[in-house]
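K.L.:
My numbering numbers the first residue of the sequence shown as -12 and each following residue consecutively. Idealized CB from N, CA, C, for every residue including glycine. I have a structure I would like to understand better, so I am pasting it below and will then ask my questions one at a time.
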Amino acid sequence: MTTAADPHGPLLEQTGAFRGNALLLTGPARVGKLDVARAVAAQHNCQGARGMYGEACGTCPSCRALAAGAHPDLLLVEPRATTSTGKAARRKLIPIGAVLSGRDKAREYETHVFEFLEVRPTFNRRVVIVQGAEYLGPEAANALLKLVEEPPHGALFVFLAEDLRAVLPTIVSRSARLTVTPVSDPALERALLRAGQDPDAELVAFAAGRTGVLTDPDPVRGALQDARELTNALGESLLGALEAAEALEKRFDPAWHPETLRFTWRDQPPHVRARADTALTALQEALEAYASPSLSFQVFALALRDAFGHA
């Protein structure tokens, strides 16, 4: 739940006064769009006294339900993460099945937008957050249009996107647009301190103003350490590089390790960064194609040693 000290507080002044049907929040990955969207849902259902920026009180029954992740009036719609066979999806997509239960043949979504909005709100306003509006397929977007134009029971749609140009014009034209921007490093440091976390310089520098990085900082710190260990091992020996790559394979998190590796290489000469980035891209493509992880990481280590001039 946000407070008056929240770095996105000024933005909440606008969202709290919004009485339309749809908001479109744009900004870089992990800049805090989802946090802002949840704060908007809290604002529009809060039953207590508002804060300095109009943010929700954080203590009423609605706010407590949201904090517990069990708010009856909030639905989060995201791109499917796996295929019908259980493998990671190669292409992000929010299909029409997310909107209409009758079109969800593989039962990929527990709750569908149409059915969710048929029910009257428990508190004040049902809110549908669409995480990744640029991944709405044309069928899904068209199915949403009537709901966005005439939402049942005054529901609110909050669309989130990294790239406004990738969002279908039919969604853009029906939404009020707001930009979620990175915040200052001191604001990030204060947020970490409020959460009881050490505002270490490396984590703050990696976050680069993106509050979403701080939602769960421990995996980020672990990925930064893994990136340092692999990079340091490259110049020690071939065996050391291969062992470090094997260790990384066991812990590899596609959500964090690619970015932390590139961050660790940020001070290298441009030609080194370019070759290392090419090696990393090849690794990601091999993993997405379900190639042997063990072999893929070995090839990655050899390519990195070559990029860093250790071959």
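Over what stretch of residues does the beta strand (DSSP E) that includes alanine 9 continue unbroken?
P.N.:
Where alanine 9 is concerned, the enclosing beta strand (DSSP E) stretches over 9 to 13.
K.L.:
Can you tell me where the alpha helix (DSSP H) holding glutamine 1 begins and where it ends?
P.N.:
Unbroken alpha helix (DSSP H) run through glutamine 1: -4 to 3.
K.L.:
Suppose contacts are defined by Cβ-Cβ distances below 7 Å. Is proline 138 in contact with asparagine 8 by that definition?
P.N.:
Contact: yes.
K.L.:
Where does threonine 98 fall in DSSP's three states?
P.N.:
Threonine 98 falls in the coil class under three-state DSSP.
K.L.:
Can you tell me where the alpha helix (DSSP H) holding arginine 292 begins and where it ends?
P.N.:
Arginine 292 -> alpha helix (DSSP H) spans 280 to 294.
K.L.:
Report, in whole angstroms, the separation of the C-beta atoms of leucine 63 and leucine 53, which I expect to be a contact under 8 Å.
P.N.:
Not a contact, Cβ separation roughly 12 Å.
K.L.:
By how many angstroms is the C-alpha of threonine 13 removed from the C-alpha of alanine 163?
P.N.:
For alanine 163 and threonine 13, the distance between alpha carbons rounds to 11 Å.
K.L.:
Could you tell me which of Phe103, Leu(-2), Glu95, Asp22 sits nearest to proline 59, measuring between CA atoms?
P.N.:
The candidate whose alpha carbon is nearest that of proline 59 is Phe103.
K.L.:
Can you tell me which of Cys47, Val114, Ile158, Gln212 puts its alpha carbon nearest to the alpha carbon of valine 23?
P.N.:
Nearest C-alpha to valine 23: Val114.
K.L.:
Taking the alpha-carbon of histidine 244 as reference, which of Ala232, Thr265, Ala210 has the nearest alpha-carbon?
P.N.:
If we check each option's Cα against that of histidine 244, Ala210 comes out closest.
K.L.:
Quick one: Cα of glutamate 236 to Cα of arginine 215, how far?
P.N.:
Cα to Cα, glutamate 236 sits roughly 14 Å from arginine 215.
K.L.:
Give the single residue among Gly19, Ala36, Glu42 whose Cα lies nearest to the Cα of glutamate 0.
P.N.:
Measuring from the Cα of glutamate 0, the nearest candidate turns out to be Glu42.
K.L.:
Exposed or buried, which one is threonine 268 when buried takes at least 16 other CB atoms within 10 Å?
P.N.:
Its Cβ having fewer than 16 others within 10 Å, threonine 268 is exposed.
K.L.:
With glutamine 118 as the anchor, note down where its beta strand (DSSP E) starts and where it stops.
P.N.:
Where glutamine 118 is concerned, the enclosing beta strand (DSSP E) stretches over 114 to 118.
K.L.:
Hey, could you find the ends of the alpha helix (DSSP H) arginine 51 is sitting in?
P.N.:
Run containing arginine 51: 48 to 54, per the alpha helix (DSSP H) assignment.
K.L.:
Is it buried or exposed for valine 18, if we count other Cβ within 10 angstroms and need 16 for buried?
P.N.:
Buried: at least 16 other Cβ atoms inside 10 Å.
K.L.:
Contact between the stretch 142 to 150 and the stretch 174 to 183: three or more CB pairs below 8 Å?
P.N.:
Cβ pair count under 8 Å is below three, so no.
K.L.:
In whole angstroms, give me the CA-to-CA distance for glutamate 191 and aspartate 172.
P.N.:
Position check: residue 191 holds valine in this sequence, whereas glutamate was assumed. The alpha-carbon atoms of valine 191 and aspartate 172 are separated by roughly 6 Å.
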